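Okay, so here's the structure we're looking at.
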Amino acid sequence: MSGNAGGGYGDVRASIDVASLNRYLATHVPAVQPPVAIKQFKFGQSNPTYLLTDACRQRFVLRKKPAGALLSKTAHQIEREYTVLHALHTHNCRPSTTPDQRVPVPEPFVLCRDVSVIGTPFYIMEFLDGRLFTDPTMPSLSPKDRRQCWLSAVRSLAALSSLSPSAIGLDSYGPHTPYFPRQIKSLSKISAAQASAVDVDTKEPVGNIPRFHEMITWYSNHLPDENKTGLRVVHGDYKLDNLMFHPTENRVIGILDWELSTLGSPLVDFANLTQPWLIDSKRMAEENPSVRSMPNVFVGFRGSANPEPISVEELEREYCHITKYTYPIREMTFVRSWMLFRLSIIAQGIAARHARRQASSAMAESYGELFPVIGDLAIGVLEESIGNLNEKSKL
Numbered sequence: 365m366s367g368n369a370g371g372g373y374g375d376v377r378a379s380i381d382v383a384s385l386n387r388y389l390a391t392h393v394p395a396v397q398p399p400v401a402i403k404q405f406k407f408g409q410s411n412p413t414y415l416l417t418d419a420c421r422q423r424f425v426l427r428k429k430p431a432g433a434l435l436s437k438t439a440h441q442i443e444r445e446y447t448v449l450h451a452l453h454t455h456n457c458r459p460s461t462t463p464d465q466r467v468p469v470p471e472p473f474v475l476c477r478d479v480s481v482i483g484t485p486f487y488i489m490e491f492l493d494g495r496l497f498t499d500p501t502m503p504s505l506s507p508k509d510r511r512q513c514w515l516s517a518v519r520s521l522a523a524l525s526s527l528s529p530s531a532i533g534l535d536s537y538g539p540h541t542p543y544f545p546r547q548i549k550s551l552s553k554i555s556a557a558q559a560s561a562v563d564v565d566t567k568e569p570v571g572n573i574p575r576f577h578e579m580i581t582w583y584s585n586h587l588p589d590e591n592k593t594g595l596r597v598v599h600g601d602y603k604l605d606n607l608m609f610h611p612t613e614n615r616v617i618g619i620l621d622w623e624l625s626t627l628g629s630p631l632v633d634f635a636n637l638t639q640p641w642l643i644d645s646k647r648m649a650e651e652n653p654s655v656r657s658m659p660n661v662f663v664g665f666r667g668s669a670n671p672e673p674i675s676v677e678e679l680e681r682e683y684c685h686i687t688k689y690t691y692p693i694r695e696m697t698f699v700r701s702w703m704l705f706r707l708s709i710i711a712q713g714i715a716a717r718h719a720r721r722q723a724s725s726a727m728a729e730s731y732g733e734l735f736p737v738i739g740d741l742a743i744g745v746l747e748e749s750i751g752n753l754n755e756k757s758k759l
């Protein structure tokens, strides 16, 4: 469903101690009137996410770390999600912040680090009632509405990309060293750990991403100049299905899922948002059975009979106009390929969690099978632009 109100939820898959949670809510969160009824959202591969409905029929959202031993200390950082949401909400509430400068986020209420409450750290935030689009073609909307929604997505991102971390109290939110070198270093280690994860039933390892070492070497040798954009707060997974739109208006009311946020190059978020312009859905489905079984994954505009809602060039112009970056952004080929490669590592992580039976999503096994497909797509973006990776770069 392309316009799913609230994102969709159902039975609880990863159980929590409801009685203990109610006791905590009664003493720590005045906005919530316990007892609460609990459902689990269908979205969210990494951190289990729940809908809480209190005694007054008010709704809230709880996000927690998954239970059990974690593969990476840098993943599932619930505490960081709360920190960035709190900083941005505070920025939005300042009298000096204009409407165009506001970054739409849900209001965070409390962060609980006490694992004795429900077993892991968690936080509670505002529930945003709106539309969550899982299909970038937005088939339920008119061409005019699609265009306006995509422009709102870019404008919301540009508001984030325009903020200095120090201006919103996030100067220490991440390293000030160049983003891409540290991403390459950290994600290489994470991918190695994920590749060696063994399935509890089959005893088979998850395995490597296609041409992993070759790609890491290429990225390391062709790093973009990050001084052009400066250090910014990076969402890390900025895409259409992490944006909540107003129920009837074509505007973003909330940017969700900040688990991967840090300080770095804002271009990664723009590249991630515009991935559908790189994807030929029909071709990928023909070549990959795992894609055919998941109709809302890898939906793109290339080779589609439906017209693009807006050109990627116009989106880039709008983004540059607001952020004051120079158009066109010459580094986008590198960044778009890297973000796909990074996505393949994230999908590999889902496969690793499924292998250890720690995944929170009912679709985890199917998502995890896609990491080789995404890795090949990252390679294709580069080779389409520069040819053989071993030849001299044209970037």
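Residue numbers are given in our numbering: position 367 of the sequence shown equals residue 731, and the series is strictly consecutive. By construction, the Cβ of each residue, glycine as well, lies at the ideal position given by its N, Cα and C atoms. Keep in mind it's a predicted model, so treat the numbers as computed, not measured.
For ARG377, the closest C-alpha among the options CYS684, TYR543, SER654, GLN722 is that of GLN722.
Note: PHE609 is bridge-paired with ARG495, VAL616 in the DSSP secondary-structure output.
Remark: C-beta atoms of PRO574 and PRO736 approach each other more closely than 8 Å. Contact between the segment 627 to 636 and the segment 540 to 554 is present, with at least three C-beta pairs closer than 8 Å.
A straight-line Cα-Cα distance of about 16 Å links GLU613 and ASP464. By the C-beta density criterion, HIS450 is buried, having at least 16 other C-beta atoms within 10 angstroms.
The beta-carbon separation of GLN712 and GLN512, rounded to 36 Å, does not stay under the 8 Å limit for a contact. Per DSSP, the continuous alpha helix (DSSP H) segment holding ALA715 begins and ends at 696 to 719.
A distance below 6 Å between beta-carbons, with the five flanking residues on each side excluded, links MET658 to the following residues of its chain, in chain order: SER730. For TYR487, the uninterrupted beta strand (DSSP E) run begins and ends at 486 to 490, by DSSP.
The C-alpha of GLU650 is placed about 44 Å away from the C-alpha of ILE482. Rounded to the nearest angstrom, the gap between the Cα atoms of ALA419 and ALA390 is 12 Å. Taking TYR414 as the centre and dropping the five residues before and after it, the same chain places the C-beta of ILE402, GLN404, LEU426 closer than 6 Å to its C-beta, in chain order. The Cβ atoms of VAL663 and PRO507 do not sit closer than 8 Å to each other.
Separation of GLU748 and GLY732 (C-alpha to C-alpha, rounded to the nearest whole angstrom) is 26 Å. Looking only at VAL676, ALA669, ARG615, HIS586, the smallest Cα-Cα distance to LEU753 is reached by HIS586. DSSP places GLY374 within a strand segment (E or B) once states are collapsed to three. By the C-beta density criterion, LYS646 is exposed, having fewer than 16 other C-beta atoms within 10 angstroms. The beta carbon of TRP641 lies closer than 6 Å to those of PHE665, VAL676 in the same chain, with the five residues before and after it left out. For ALA635, there is no enclosing beta strand (DSSP E); the residue is part of the alpha helix (DSSP H) that begins and ends at 631 to 637.
When DSSP reads this structure, GLY533 sits in no beta bridge, so it has no partner. Residue pairing by DSSP places ASP644 opposite ARG666 in a beta bridge.
In the structure shown, PRO472 falls within a strand segment according to DSSP collapsed to helix, strand and coil. Your pair HIS392 and VAL474 checks out as a contact, with CB atoms roughly 6 Å apart and the cut at 8 Å. Counting along the chain, GLY628 sits inside the beta strand (DSSP E) bounded by residues 626 to 628. Its Cα nearest to that of ASP493, the residue LEU607 stands out among PHE705, ILE643, LEU607, ALA556. DSSP places ARG596 within a strand segment (E or B) once states are collapsed to three. Separation of the CB atoms of ILE532 and HIS455 is rounded to 5 Å, and the pair is thereby assigned contact status at 8 Å.
The continuous beta strand (DSSP E) containing ALA401 extends over residues 401 to 405.
LEU746 sits in a helix when the DSSP states are folded into three classes. In this structure ALA669 is exposed. Its beta-carbon is surrounded by fewer than 16 other beta-carbon atoms within 10 angstroms.
Under DSSP, PHE735 forms no beta bridge with any residue. Segment contact: the segment 682 to 699 against the segment 578 to 595, three or more CB-CB distances shorter than 8 Å; contact assigned. Of TRP514, THR484, ILE488, MET489, the smallest CA-CA separation from PHE497 is found for TRP514.
With respect to ILE686, SER526 sits close: the two C-beta atoms are nearer than 8 Å.
VAL393: not part of any beta strand (DSSP E); DSSP gives it neither H nor E.
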